[in-house]
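In the working numbering, each number is its position in the sequence shown, counted from 1, plus 47. Each residue gets a CB set at the ideal place from its N, CA and C atoms; glycine is no exception.
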Amino acid sequence: STRFSSAMSLLLCTWNLGCKDLDGQMPKEGDFDWLAKLFKETQPEVLALGIQELHPNLLPKFLQDVQQVWKDVHGQELQATAEHCDTYLPLLLFQQTANKVEVVPLHFTFGKHQVCSKGCVAAHFDHNGLKMCVVNAHLEAGHGKVRARNEMFAQIASKFPTGSNSLLLLLGDLNYRVEGKRPFTEPTKATPVEQRCQVFLEEFDEAVAKCQAGKASELQERCQLRRSRGDAPFFENFEEAEVRFQPTYKRVKASESDVSKGIPRFDCDQPRMPGWCDRILWRRAADVEVKVLDYVAIESADYSDHRPVCAVLEVGRLS
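Okay, structure coming up:
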């Protein structure tokens, strides 16, 4: 068994809320039940919540809701040691022992009012002698935009190069999807229903059927991120736990019966090729060990068209 020195526990979550408009419907009390359950099961020393598509003005309310969930579970206050909110992709960082945090944004594209909508926010801090960096990223959307996503990932990897930290944790909506067996053009919101590509519709139906039959793992070899990691040098040394959950996008609410049976529901009105968009990867120094205790998508959290993804990790130096 691996000997850890100064091991620490981390809880990392990524959640695309789809709440970019000020008048958007915010998560209600019941939408945080999954987080309360996680807080009960884990007592993390470091908690990082990477959020995508949340209007900056809505962050204080969201932060307050998360802190309330923690207080309800543990009976004590949870103070954020970093909250970066001038983007649509805030990163919330909480530490049991407060350490100084430096926040570094890297902006790629901007939405309304010049607010960053694609890019990343990183938090640097020292913990138990480890130089930590947590990055919340939202990469280019669109099924055919693999090259753009890879270029963004390469920029993030070079911004925080190997050797600059003991452990780089990268989480977020990376937007990588499942490739079809045949080339197709995926419809957009502007595509009239009658003009949707027939090949796309057939590929979509086949992928959804596999997921609903419990055979989503058969699609993993066609995952764009998996393929990219095999080809591109900037993915080198990045690791990920085994993905054993359903594609997290583009989802709709499922009945309690479907959730309990593990049957995912995908959006058929505005169909998009399914994808394991929401991911958590890391890159570690040679003397750092990462033990994965859990890596899951939260099927009951059906607030948006993404399912949140969480990892519970134990991190320490090899002794």
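Residue nearest to residue i in terms of C-alpha spacing, selected from the options
i	options	result
residue 266	89, 278, 175, 250	250
residue 246	70, 71, 65, 319	319
residue 330	154, 178, 73, 122	178
residue 303	316, 131, 263, 349	349
residue 341	242, 130, 85, 55	85
residue 156	272, 366, 195	195
residue 106	278, 222, 71	71
residue 162	131, 141, 174	131
residue 314	176, 103, 353	353
residue 203	240, 165, 226	165
residue 242	55, 205, 317, 103	317
residue 226	248, 205, 240	248
residue 268	228, 240, 108	228
residue 67	76, 125, 136, 80	136
Pair within 8 Å by beta-carbon distance, residue i and residue j
i	j	result
residue 113	residue 134	no
residue 275	residue 182	no
residue 57	residue 299	no
residue 346	residue 306	yes
residue 339	residue 89	no
residue 283	residue 328	no
residue 110	residue 127	yes
residue 281	residue 200	yes
residue 153	residue 223	no
residue 101	residue 138	no
Sequence-distant residues of the same chain with beta carbon closer than 6 Å to residue i, five excluded per side
i	result
residue 61	97, 218, 219, 325, 356
residue 311	258, 293
residue 151	169
residue 93	57, 142
Own chain partners of residue i with C-beta closer than 8 Å, once the 5 adjacent residues on each side are dropped
i	result
residue 87	120
residue 83	116, 119, 120
residue 48	In this predicted model, residue 48 has a pLDDT of only 47, less than 50, meaning its place in the structure is not dependable; the value taken from the coordinates is given anyway. Around residue 48: no qualifying Cβ.
residue 69	102, 104, 105
Whole-number beta carbon distance between residue j and residue i, since they are thought to touch under 8 Å
i	j	result
residue 261	residue 322	Actually they are not in contact, since the Cβ atoms of residue 261 and residue 322 sit about 18 Å apart, beyond 8 Å.
residue 237	residue 295	The pair is not a contact, with the Cβ atoms about 24 Å apart (cut-off 8 Å).
residue 185	residue 99	4 Å
residue 233	residue 191	7 Å
residue 173	residue 197	Not a contact, Cβ separation roughly 31 Å.
residue 108	residue 73	6 Å
Same chain, Cβ closer than 7 Å to residue i, five either side skipped, listed in chain order
i	result
residue 288	339, 342, 358
residue 189	none
Sufficient close CB pairs (3 or more, under 8 Å) joining the region 332-351 to the region 199-214: Touching, per the Cβ criterion.
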